[in-house]
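Sequential numbering of the sequence shown, starting at 39, is according to this note's numbering.
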Amino acid sequence: MLEISNFNSVSKNNFLSLMRSYESNFILLSKLIDLDIVKNKSLGKKFESGLIDSNKKMQFYIESISKHTAIVKFLNNDFDDNLYLDIVKIKIYFDSKQVEILNHKNTNYFDLNTNKDIQIFHNVRLTKWYKSYFLSLWINGCLKKGYSFDSKSEV
Numbered sequence: 039m040l041e042i043s044n045f046n047s048v049s050k051n052n053f054l055s056l057m058r059s060y061e062s063n064f065i066l067l068s069k070l071i072d073l074d075i076v077k078n079k080s081l082g083k084k085f086e087s088g089l090i091d092s093n094k095k096m097q098f099y100i101e102s103i104s105k106h107t108a109i110v111k112f113l114n115n116d117f118d119d120n121l122y123l124d125i126v127k128i129k130i131y132f133d134s135k136q137v138e139i140l141n142h143k144n145t146n147y148f149d150l151n152t153n154k155d156i157q158i159f160h161n162v163r164l165t166k167w168y169k170s171y172f173l174s175l176w177i178n179g180c181l182k183k184g185y186s187f188d189s190k191s192e193v
């Protein structure tokens, strides 16, 4: 018999699940990047990691740093050795040890005045959950391929 507490076992659309996904992505990201290079005020610096058996490279760029956060961008040259394209932009929260994927556009999602706006709020949270899930898959893929960034990988 299904108990009411197990009704939504996936829990994609609740706040706690979203925060847990942000925390697990922080742990994964710390395996991909030596986070000390971000904390050591490397603003504007690029770091590069390549694959041994190909010319494909990935760059990691530190866009902004504050006391508790950093915004970083990843780029790769999958299509052309000399052309690096944006892959993903993320925000790292050092104090709460979380990582969030950022939107490409600045959008004000909702103004909570009506029931319709509450549904928009839930949809936005669900979208963030799926983005976080994508980020975990992407970071795991990078780790499996052998990408890593540390102070020696500065370009």
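Beta carbons: idealized from backbone N, C-alpha and C, even for Gly.
With DSSP collapsed to three states, give me the class of residue i.
i    : result
K84  : strand
D124 : strand
S134 : coil
K129 : strand
D119 : coil
S186 : coil
I42  : For I42, the predicted model reports a pLDDT of 43, less than 50, meaning its position is unreliable; a value from the coordinates is still stated below. I42: helix per DSSP, three-state reduction.
Do the CB positions of residue i and residue j come within less than 9 Å of each other?
i    : j    : result
F187 : S87  : yes
W176 : I125 : yes
F103 : K79  : The amino acid occupying residue 103 in the given sequence is Ile; Phe does not appear at that position. It is a contact, given that the beta carbons lie within the stated cut-off.
L181 : L70  : yes
K94  : E101 : no
S66  : N178 : Reading off the sequence, residue 66 comes out as Leu, not Ser. A contact, by the Cβ cut-off of 9 Å.
L81  : F132 : no
Who are the Cβ neighbours of residue i in its own chain at under 6 Å, not counting the five residues just before and after it?
i    : result
L173 : N63 and I139
K84  : Q97, Y99 and V193
K169 : I139
Could you tell me which residues DSSP pairs with residue i in its beta bridges?
i    : result
M96  : S87 and N114
F159 : Looking at the DSSP assignment, F159 forms no beta bridge with any residue, so it has no partner.
I109 : S102 and K129
I139 : I128
E61  : Answer is none; E61 lacks a bridge partner.
I177 : Its beta-bridge partners do not exist; DSSP assigns none.
I217 : Residue 217 falls outside the range modelled here, since the chain spans only 39 to 193, and no answer is possible.
Excluding sequence positions up to five away, which residues of its chain have a Cβ less than 7 Å from the Cβ of residue i?
i    : result
L121 : N115
Y171 : S59
Nearest CA to the CA of residue i: which residue from the options?
i    : options                 : result
K190 : S59, Y60, R58 and I75   : I75
R58  : S68, K77, Q136 and H106 : Q136
G184 : H106, N52, L89 and L123 : L89
Y60  : I130, D119 and N141     : I130
S134 : Y171, T107 and K77      : T107
D119 : S92, K105 and S68       : S92
Going along the chain, which residues of its own chain have a beta-carbon closer than 8 Å to the beta-carbon of residue i, five neighbours each way excluded?
i    : result
L123 : L113, N114, N115, D116 and F117
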